[in-house]
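Novice: Please read through the structure below; I'll follow up with questions.
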Ligand SMILES: C[S@@+](CC[C@H](N)C(=O)[O-])C[C@H]1O[C@@H](n2cnc3c(N)ncnc32)[C@H](O)[C@@H]1O
């Protein structure tokens, strides 16, 4: 088993690593060989949307996912505290000599189209009346945390935006890992996407976490 | 934010996507404070992979914004056996692309004119609600 990064931050402000975070780590670990084969020999632009504490991005850096010495890591979050925490977590785990930049932004809106080779997203997936407003100041701590969890209708409002834009986010050979809970109805969503004939989608990991069932799907272009 | 990251950042305003002016952003050389951070080690292979991928024209423009006018107009290319001269060129590119960071500063979209700020090395491209 690959080592799990050591994290320590103020979890009143950023999402504390939980079952979903760990499922994503296990998923990436089980995909080591697949990713190395798919992406080796070229530069990989790795983007994590919503790094929170930074545990997932740090895990990828630490364990050379997708492959050694050929990746640059960009972590984008709306929560300014998450970006500080991500830098802090990477530094605590001896990742200072690796290429990591953090960007405050909504999803991948500020990334040039078709540049991401590996996209990872553990979204706010909890069904809620609506997605909370973005706080006006860094100091409104509770509101930042709500944004880590609440995903509006079916918990899918934020994830849907990423899925709708996937074609313009990923590079031609790009691959995405996205986490869902059962209430997101991932089997319905992925079946719809498959029908277009554009996407190859596979369930990589699934696990019961308390009363939630979480799963991670892999998305690639159908060539 | 490292210099190379400028090669991946565009203006997040949706309506700018249809213009050709939303990338690269225009960095304000007077306001941008640069530092050299040596923590990433020189690795020629990594650099060749990066060169293969990047938009060289955009690198030149941003370098010029930040006061570096010394880059060649076409992307340097190398034969498989790297010569000593090649290594010198790669080392210079390493210094520019991976070791130069913008710690504080601002940049603007050439299409909509919106200004974005960099503080503590973190660029903020979150739009105010009326633009989002
Ligand atoms: C469930 S947490 C996941 C945190 C971390 N990746 C993990 O696995 O522990 C969701 C993260 O997404 C971020 N987020 C929510 N909406 C976002 C948006 N529109 N753009 C970017 N990040 C967003 C939140 O701030 C939070 O850090």
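Chains as they are written, first to last, in the numbering used here: chain A, 1 to 223; chain B, 1 to 132. Glycine residues also receive a C-beta, built at the ideal position from the N, C-alpha and C atoms.
1) Quick one, are the C-beta atoms of residue 78 of chain A and residue 122 of chain A less than 7 Å apart?
2) Compute the Euclidean distance between the alpha carbons of residue 111 of chain A and residue 208 of chain A, then round it to the nearest angstrom.
3) Check whether the Cβ of residue 238 of chain A lies closer than 6 Å to any heavy atom of ligand 1, and answer yes or no.
4) Counting contacts by CB-CB distance shorter than 7 Å, is residue 31 of chain B in contact with chain A?
5) I need the DSSP call for residue 68 of chain B, collapsed to helix, strand or coil.
6) Residue 130 of chain A to residue 203 of chain A, Cα distance in whole Å?
7) Does chain A have any CB closer than 7 Å to the CB of residue 123 of chain B?
8) Closest by CA to residue 28 of chain B, which one among B:64, B:51, B:16 and B:10?
9) Could you check whether the Cβ of residue 116 of chain B sits closer than 6 Å to any heavy atom belonging to ligand 1?
10) Mind checking which residues open and close the alpha helix (DSSP H) that includes residue 188 of chain A?
11) Using a Cβ cut-off of 9 Å, pull out every chain A residue sitting near residue 90 of chain B, in sequence order please.
12) Counting only Cβ pairs nearer than 7 Å, list the residues of chain A close to residue 45 of chain B.
13) Can you grab the Cα-Cα spacing for the pair residue 62 of chain B / residue 56 of chain B, in whole Å?
14) Relative to the C-alpha of residue 39 of chain A, which candidate in A:64, A:57 and A:15 has its C-alpha closest?
15) Using a C-beta cutoff of 7 Å, does residue 96 of chain B count as contacting chain A?
16) Does residue 64 of chain B have its Cβ less than 7 Å from a Cβ in chain A?
17) Quick one: is the Cβ of residue 21 of chain A within less than 6 Å of any heavy atom of ligand 1?
18) Let me know the secondary structure DSSP gives residue 38 of chain A once reduced to three states.
19) Can you look up residue 181 of chain A in the DSSP assignment and give me helix, strand or coil?
20) Let me make sure I understand the geometry here. Which of A:146, A:11, A:178 and A:103 has the alpha-carbon closest to that of residue 126 of chain B?
21) Considering only residues of the same chain and omitting the five flanking positions on each side of residue 212 of chain A, which have a CB-CB separation below 6 Å?
22) Does the stretch 81–90 of chain B come close enough to the stretch 33–47 of chain B to have 3 or more Cβ pairs within less than 8 Å?
23) What distance in whole Å lies between the Cβ atoms of residue 55 of chain A and residue 17 of chain A, which are believed to be in contact at a cut-off of 8 Å?
24) Assign residue 104 of chain B to one of three DSSP states: helix, strand, or coil.
25) Spatial neighbours of residue 108 of chain B within its chain, please: C-beta separation below 6 Å, excluding the five flanking residues on both sides.
26) Decide yes or no for the touch test of the stretch 133–145 of chain A against the stretch 15–22 of chain B: beta carbon pairs closer than 8 Å, at least 3 of them.
27) Over the uninterrupted beta strand (DSSP E) stretch that includes residue 221 of chain A, give me the two end residues.
28) Any beta carbon from chain B within less than 7 Å of residue 8 of chain A's own beta carbon?
29) Considering Cα atoms alone, identify which of A:216, A:22, A:201 and A:116 is closest to residue 5 of chain B.
30) May I ask whether a heavy atom of ligand 1 can be found less than 6 Å away from the beta carbon of residue 78 of chain A?
31) Can you tell me whether residue 53 of chain A is buried or exposed? The criterion is at least 16 other CB atoms within 10 Å of its CB, across all chains shown.
32) Once the 5 residues before and after residue 12 of chain B are set aside, which same chain residues still bring their CB inside 7 Å of it?
Specialist: Quick look at the numbers:
1) Against the first chain, residue 78 of chain A aligns to sequence position 78. Against the first chain, residue 122 of chain A aligns to sequence position 122. It is not a contact, given that the beta carbons lie outside the stated cut-off.
2) Stepping through the first chain from its first residue, residue 111 of chain A is reached at position 111. Stepping through the first chain from its first residue, residue 208 of chain A is reached at position 208. Distance between the alpha carbons of residue 111 of chain A and residue 208 of chain A: 34 Å.
3) Any answer about residue 238 of chain A is impossible in this case: the structure gives chain A only from 1 up to 223.
4) Here the question's residue 31 of chain B lines up with position 31 in the second chain. Judged by the 7 Å Cβ criterion, residue 31 of chain B is not in contact with chain A.
5) The residue given as residue 68 of chain B occupies position 68 in the second chain. Correct three-state label for residue 68 of chain B: coil.
6) On the first chain, position 130 is the one that residue 130 of chain A refers to. On the first chain, position 203 is the one that residue 203 of chain A refers to. About 27 Å.
7) Translated into the one-based positions of the second chain, residue 123 of chain B becomes position 123. Residue 123 of chain B counts as touching chain A.
8) Residue 28 of chain B sits at position 28 when you count from the first residue of the second chain. Among B:64, B:51, B:16 and B:10, the Cα nearest to that of residue 28 of chain B is on B:64.
9) Your numbering for residue 116 of chain B matches position 116 in the second chain. No, the beta carbon of residue 116 of chain B sits no closer than 6 Å to any heavy atom of ligand 1.
10) As a position in the first chain, residue 188 of chain A is number 188, starting the count at 1. Run containing residue 188 of chain A: 186–195, per the alpha helix (DSSP H) assignment.
11) If you number the second chain from 1, residue 90 of chain B lands on position 90. Within 9 Å Cβ-Cβ: nothing; residue 90 of chain B doesn't reach chain A, min ~14 Å.
12) Here residue 45 of chain B corresponds to residue number 45 of the second chain, with the count starting at 1. Simply 69.
13) Walking along the second chain from the start, residue 62 of chain B turns up at place 62. Walking along the second chain from the start, residue 56 of chain B turns up at place 56. Their Cα atoms are separated by approximately 10 Å.
14) Here residue 39 of chain A refers to the residue found at position 39 of the first chain. Of the candidates A:64, A:57 and A:15, the one whose C-alpha sits nearest the C-alpha of residue 39 of chain A is A:64.
15) Walking along the second chain from the start, residue 96 of chain B turns up at place 96. It does not: the Cβ of residue 96 of chain B has no partner Cβ on chain A nearer than 7 Å.
16) Along the second chain, one-based indexing puts residue 64 of chain B at 64. Taking Cβ atoms only, chain A never reaches closer than 7 Å to residue 64 of chain B, which makes this a no.
17) Numbered from its first residue, the first chain carries residue 21 of chain A at position 21. The answer is yes for residue 21 of chain A.
18) In the first chain, residue 38 of chain A corresponds to position 38, counting from 1. It is helical.
19) Working through the first chain from its first residue, we reach residue 181 of chain A at position 181. Residue 181 of chain A: strand per DSSP, three-state reduction.
20) Within the second chain, the letter at position 126 stands for residue 126 of chain B. The residue with the shortest Cα to Cα distance from residue 126 of chain B is A:103.
21) For the purposes of this step, residue 212 of chain A is taken as the residue at position 212 of the first chain. Around residue 212 of chain A: 181.
22) yes
23) Taking the first chain and counting its residues from 1, the one referred to as residue 17 of chain A is at position 17. Taking the first chain and counting its residues from 1, the one referred to as residue 55 of chain A is at position 55. The pair is a contact, with the Cβ atoms about 5 Å apart (cut-off 8 Å).
24) By 1-based counting over the second chain, the position of residue 104 of chain B is 104. Residue 104 of chain B: strand per DSSP, three-state reduction.
25) Locating residue 108 of chain B in the second chain gives position 108, where the first residue counts as 1. Within the same chain, residue 108 of chain B has close Cβ partners 26 and 115.
26) no
27) As a position in the first chain, residue 221 of chain A is number 221, starting the count at 1. Unbroken beta strand (DSSP E) run through residue 221 of chain A: 212–221.
28) As a working mapping, residue 8 of chain A is identified with position 8 in the first chain. So, not an interface residue.
29) In the second chain, the residue the question calls residue 5 of chain B occupies position 5. Closest by alpha carbon: A:116.
30) Taking the first chain and counting its residues from 1, the one referred to as residue 78 of chain A is at position 78. Yes, the beta carbon of residue 78 of chain A sits closer than 6 Å to at least one heavy atom of ligand 1.
31) Counting from 1 along the first chain, the entry for residue 53 of chain A is found at position 53. So residue 53 of chain A counts as buried.
32) In the second chain, the residue the question calls residue 12 of chain B occupies position 12. Excluding positions up to five away in sequence, the list reads 125 and 127.
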